[in-house]
Amino acid sequence: MDRPTSRFWFRLTEKLDYAYNVRILEARYMSKKLIIVSTRLPVTIKRVDGKLQFTQSSGGLATGVSTVSRNRDSVWVGWPGIASDDLTKKEMQEITRKLKEFKCHPVFLTQDQVDLYYSGYCNATLWPLFHYFTENSQFHRRYWRSYQEVNGLFADETLRFVTNDSDVWVHDYQLMLLPKLLRKNRPNAHIGYFLHIPFPSYEIFRLLPERNQVLEGLLGADLIGFHTYDYVRHFLRSTQRHLGIDNQLGTIYYENRKIQTDAFPIGIEYDKFAKNPKSRRVKKITKTLDVFQKNKKVILAVDRTDYSKGIPARLDAYELFLEQHPEYHNEVVLLLLAVPSRGDVEAYKELRQTIEQKVSRINGRFSSVDWSPINYLHQHMDFDELTSLYANADVMYVTPLRDGMNLVAKEYIATHHNKDGVLVLSEMAGVASELPEALQVNPNNKQEIANRLFDALEMHPKEQKKRMKAMQQRVSTYTIERWASDFLEQLHATVNTPVDHQFMKKAETNEIRADYVKADSRLLLLDYDGTLRSFVDSPDEKKAKPSKRVKKILKALQENKKNEVVIISGRPKRALRTFFQNIKIGLIAEHGAWVYKAGSWVKSSLTSSKWKEPYLDVLKRYADRTPGAIIEEKDYSLVWHFRNVTPDLAFVRKEELKMELQNIAFDDIGVFEGHKMLEIKAQSLHKGAIATELISDKKWDFILCIGDDYTDEDMFHVLPERAHSIHVGPEESAAKHNIKDVDAVLDLLELLENSGK
Ligand code: ADQ
Numbered sequence: 063m064d065r066p067t068s069r070f071w072f073r074l075t076e077k078l079d080y081a082y083n084v085r086i087l088e089a090r091y092m093s094k095k096l097i098i099v100s101t102r103l104p105v106t107i108k109r110v111d112g113k114l115q116f117t118q119s120s121g122g123l124a125t126g127v128s129t130v131s132r133n134r135d136s137v138w139v140g141w142p143g144i145a146s147d148d149l150t151k152k153e154m155q156e157i158t159r160k161l162k163e164f165k166c167h168p169v170f171l172t173q174d175q176v177d178l179y180y181s182g183y184c185n186a187t188l189w190p191l192f193h194y195f196t197e198n199s200q201f202h203r204r205y206w207r208s209y210q211e212v213n214g215l216f217a218d219e220t221l222r223f224v225t226n227d228s229d230v231w232v233h234d235y236q237l238m239l240l241p242k243l244l245r246k247n248r249p250n251a252h253i254g255y256f257l258h259i260p261f262p263s264y265e266i267f268r269l270l271p272e273r274n275q276v277l278e279g280l281l282g283a284d285l286i287g288f289h290t291y292d293y294v295r296h297f298l299r300s301t302q303r304h305l306g307i308d309n310q311l312g313t314i315y316y317e318n319r320k321i322q323t324d325a326f327p328i329g330i331e332y333d334k335f336a337k338n339p340k341s342r343r344v345k346k347i348t349k350t351l352d353v354f355q356k357n358k359k360v361i362l363a364v365d366r367t368d369y370s371k372g373i374p375a376r377l378d379a380y381e382l383f384l385e386q387h388p389e390y391h392n393e394v395v396l397l398l399l400a401v402p403s404r405g406d407v408e409a410y411k412e413l414r415q416t417i418e419q420k421v422s423r424i425n426g427r428f429s430s431v432d433w434s435p436i437n438y439l440h441q442h443m444d445f446d447e448l449t450s451l452y453a454n455a456d457v458m459y460v461t462p463l464r465d466g467m468n469l470v471a472k473e474y475i476a477t478h479h480n481k482d483g484v485l486v487l488s489e490m491a492g493v494a495s496e497l498p499e500a501l502q503v504n505p506n507n508k509q510e511i512a513n514r515l516f517d518a519l520e521m522h523p524k525e526q527k528k529r530m531k532a533m534q535q536r537v538s539t540y541t542i543e544r545w546a547s548d549f550l551e552q553l554h555a556t557v558n559t560p561v562d563h564q565f566m567k568k569a570e571t572n573e574i575r576a577d578y579v580k581a582d583s584r585l586l587l588l589d590y591d592g593t594l595r596s597f598v599d600s601p602d603e604k605k606a607k608p609s610k611r612v613k614k615i616l617k618a619l620q621e622n623k624k625n626e627v628v629i630i631s632g633r634p635k636r637a638l639r640t641f642f643q644n645i646k647i648g649l650i651a652e653h654g655a656w657v658y659k660a661g662s663w664v665k666s667s668l669t670s671s672k673w674k675e676p677y678l679d680v681l682k683r684y685a686d687r688t689p690g691a692i693i694e695e696k697d698y699s700l701v702w703h704f705r706n707v708t709p710d711l712a713f714v715r716k717e718e719l720k721m722e723l724q725n726i727a728f729d730d731i732g733v734f735e736g737h738k739m740l741e742i743k744a745q746s747l748h749k750g751a752i753a754t755e756l757i758s759d760k761k762w763d764f765i766l767c768i769g770d771d772y773t774d775e776d777m778f779h780v781l782p783e784r785a786h787s788i789h790v791g792p793e794e795s796a797a798k799h800n801i802k803d804v805d806a807v808l809d810l811l812e813l814l815e816n817s818g819k
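So that you can map any letter, position 58 of the sequence shown is 120 in this note's numbering, and since no number is skipped, the others follow by simple counting.
Okay, structure coming up:
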């Protein structure tokens with residue numbers, strides 16, 4: 063075969079392989095059950111004339127999810143919108159049976175739960191807080207208790223369907239405790255979570271009394287999705303500040319699980335919105351709408367009646383525009399469409415009054431006999447009516463004070479397929495980052511909005527089309543269907559590399575055990591913190607003492623004449639002696655600077671401390687202006703601990719400090735970064751150097767080396783091929799194996815001790 067042909071075949075087989083793998087992957091997860099959970103079901107039940115009436119929602123989420131669940135065994139769990147106090151037992155059974163036809167399963171809530179959980183914690187605590195309306199946010203224990211109770215109910219109902227092999231997708235702020243509750247019962251299920259509203263900045267989120275429980279609840283998921291990367295950052299910062307959990311480029315390792323966070327900007331059913339304006343019914347509706355027959359420019363605003371949408375401020379800005387542009391009197395109409403929402407929450411009742419007062423004041427001030435500047439409708443519209451309004455409006459006026467995404471902006475763009483039209487858009491909507499071609503405004507800047515309204519009305523049609531086209535390109539690509547499949551694919555990518563699978567298997571443990579049993583001379587090199595004892599985030603040595611179990615195991619291992627047990631630690635010699643007073647094991651302190659031999663400490667050949675002075679001066683200067691920083695002076699190293707410094711400041715100081723320390727020119731002195739600390743020591747002084755000495759002391763039949771942090775990697779690198787090396791935790795390492803945690807290490811050591819007398 064000549065070369066081009068072979069390359070062709072190579073490419074073809076590569077492509078086929080890829081397609082095959084994708085199909086295998088899809089087939090693998092398509093065969094798994096998909097469980098969607100949201101507070102509200104896509105089917106609403108009402109009692110009309112004594113009879114139960116079922117209405118199926120055709121909303122975006124329901125459609126988007128239906129595309130990924132169509133060919134799968136799936137079920138949607140949620141509340142059907144009717145309080146269970148109004149239902150008999152028989153009716154509840156009937157509802158459960160009937161909902162099965164819609165692939166749904168009900169969670170029944172009492173009126174009390176609707177009031178305290180739904181109207182209370184969800185809509186009067188979380189919603190305002192997450193939208194930065196701190197003054198509207200109400201914190202009551204009874205709301206929180208109900209939130210916990212209802213999340214528990216959702217867990218019970220959801221767990222009926224979840225096996226360890228299922229995919230679960232939990233939606234929104236009403237169910238933030240659910241991922242953890244599900245994880246507890248089905249540790250291996252694939253759990254995804256998506257937040258539809260903004261995740262607020264740390265300074266806002268920290269106001270929530272139950273902030274830690276909420277974060278821990280979310281961390282039960284494998285994948286946590288948000289609309290924008292800003293929200294991802296806010297979430298990661300809160301987990302870092304409140305729970306002390308760091309992340310690696312959005313990946314969190316928590317309780318030995320890998321959790322991925324990412325941005326998935328929700329889309330719309332683009333084709334549905336793009337095609338509908340051409341339908342006969344919509345054309346007919348348009349002809350009957352007075353507002354489009356008068357040859358006036360129409361500015362459209364469409365929102366749920368919610369204070370986050372900034373409707374009063376939008377009216378004020380429009381008033382200013384009318385004041386400054388009398389030439390537009392009689393020429394322009396603002397069509398303000400507000401869909402009723404959460405009328406049972408006090409803040410919403412007040413908002414409705416405020417809007418209505420402003421509308422009548424502005425109309426009273428500017429109207430003429432045959433013109434009113436605002437046309438206000440407080441009602442729900444059907445899809446055809448809504449698309450008619452979108453498609454015929456000259457300007458879309460979207461100025462929320464905060465919005466997770468805002469679908470209205472995307473819907474307007476879709477209905478203007480191949481048409482002109484201008485979008486005036488708030489910078490505070492999640493969608494703003496996807497639509498730079500919109501005329502963006504700060505929703506609190508009245509004058510700026512008034513100016514942009516004028517610009518929008520005056521914009522040349524060519525310019526309008528150009529901007530529209532660019533926005534349509536984006537909105538038509540990442541549709542709601544793409545969003546849903548993208549999320550589920552990523553959930554699989556996350557779960558397909560489970561941390562658990564990296565850990566040592568039984569066969570590998572047995573192999574180590576067999577080698578141990580056979581050997582007559584064995585060397586066990588063990589790190590201390592994070593290996594024999596869970597990492598203690600405190601400089602207090604008393605808290606870091608070994609447990610009784612550790613002492614017992616080490617003593618028993620050392621009493622076996624075939625064994626040489628050596629603890630190699632970064633801790634100073636004083637600490638190690640206190641920890642292991644009555645056990646005759648080998649001790650190595652300060653990464654190899656000191657060796658405990660025949661009852662006393664001997665300086666290793668690797669040491670020198672002449673270099674310390676200039677480094678210490680710099681560290682002290684930095685400690686003075688960094689609250690929480692601690693300097694630890696060991697015999698042969700200096701450590702700058704920043705575990706108690708606020709993470710942002712710690713990061714800045716650490717980087718500054720590294721730069722400054724590197725300017726001090728001492729050969730062989732290096733700055734090493736460890737777990738919330740910087741250590742300065744001779745580069746030749748490391749665990750690897752001392753391990754090499756120990757290994758070459760004798761001809762060992764068996765070597766086992768266990769450690770958890772970067773200093774132990776130096777040991778792993780110098781071990782002979784036949785040695786067994788184990789890293790504690792899921793991270794990448796030069797060790798041959800990973801082991802789950804300290805308990806697993808102790809189990810292994812105990813097993814060896816019991817096996818090889
Ligand atoms: P919402 O706060 O409801 O959603 P938005 O994204 O704008 O906000 O969606 C509103 C929906 O209601 C749109 O699909 C719109 O067509 C429809 N609608 C509005 N007024 C209507 C009317 N009078 N009649 C009929 N329909 C009307 C939450 C978050 C958003 C996030 C979405 C999706 O607050 O930020 O974009 O979820 O994740």
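Positions of the beta carbon are idealized from the N, C-alpha and C atoms, including for glycine. Fair warning: this is a prediction, and the values are worked out from it, not measured in the lab.
Would you give the residue range spanned by the alpha helix (DSSP H) that residue i belongs to?
i	result
proline 168	Where proline 168 is concerned, there is no enclosing alpha helix (DSSP H), although the beta strand (DSSP E) it sits in stretches over 166 to 168.
glutamate 211	203 to 221
leucine 384	373 to 386
lysine 159	Looking at the sequence shown, residue 159 is not lysine but arginine. Element bounds for arginine 159: 151 to 163.
Give me the Cα-Cα distance between residue i and residue j, rounded to the nearest whole angstrom.
i	j	result
tyrosine 332	alanine 476	6 Å
methionine 566	arginine 319	15 Å
isoleucine 314	glycine 426	57 Å
arginine 366	alanine 400	5 Å
lysine 160	tryptophan 206	32 Å
alanine 363	aspartate 517	17 Å
glycine 126	leucine 811	52 Å
leucine 114	glycine 592	60 Å
asparagine 185	leucine 215	19 Å
phenylalanine 597	aspartate 308	15 Å
leucine 87	asparagine 133	A caution first: leucine 87 carries a pLDDT of 47, below 50, which makes its placement in the model unreliable, though a value can still be read off. So the alpha carbons of these two residues sit roughly 15 Å apart.
glutamine 415	aspartate 406	14 Å
aspartate 28	threonine 301	What the structure shows of the chain is the stretch from 63 to 819, and residue 28 is not part of that stretch, so it cannot be assessed.
phenylalanine 728	tyrosine 698	14 Å
arginine 85	isoleucine 768	With a pLDDT of 46 at arginine 85, under the threshold of 50, the modelled position of this residue cannot be trusted, and the question is left open.
May I ask which residues mark the beginning and end of the beta strand (DSSP E) holding residue i?
i	result
alanine 581	Counting along the chain, alanine 581 falls outside any beta strand (DSSP E), and DSSP gives it neither H nor E.
isoleucine 765	764 to 769
methionine 458	457 to 460
histidine 440	436 to 440
glutamine 322	319 to 325
aspartate 365	359 to 366
If you compare alpha carbons, which of the options is closest to residue i?
i	options	result
lysine 613	Arg633, Lys94, Arg639	Arg639
aspartate 759	Glu496, Arg376, Arg584, Val130	Arg584
lysine 568	Ser228, Leu813, Tyr677, Arg423	Leu813
tyrosine 28	Gly287, Leu277, Lys349, Ala753	Any property of residue 28 remains undetermined from this structure, which presents the chain solely from 63 to 819.
asparagine 454	Ala336, Ile647, Lys108	Ala336
Do we get a CB-CB distance below 8 Å when we pair residue i with the residues of chain C?
i	result
phenylalanine 704	Within the model displayed, chain C is absent; a lone protein chain is all it includes.
By DSSP, does residue i sit in helix, in strand, or in coil?
i	result
tyrosine 82	For tyrosine 82, the pLDDT reaches just 43, beneath the cut-off of 50, and the residue's location in the model is therefore unreliable, although a value from the coordinates is still provided. Note: tyrosine 82 maps to helix in three-state DSSP.
arginine 132	coil
valine 557	helix
arginine 248	coil
methionine 566	coil
histidine 233	strand
tryptophan 189	helix
threonine 117	strand
threonine 290	coil
glycine 140	strand
Since residue i sits in a beta bridge, which residues does DSSP pair it with?
i	result
lysine 524	Looking at the DSSP assignment, lysine 524 forms no beta bridge with any residue, so it has no partner.
leucine 649	Ile629, Tyr658
histidine 830	Nothing in the structure corresponds to residue 830, since the chain is present only between 63 and 819.
glutamate 741	Val701, Phe734
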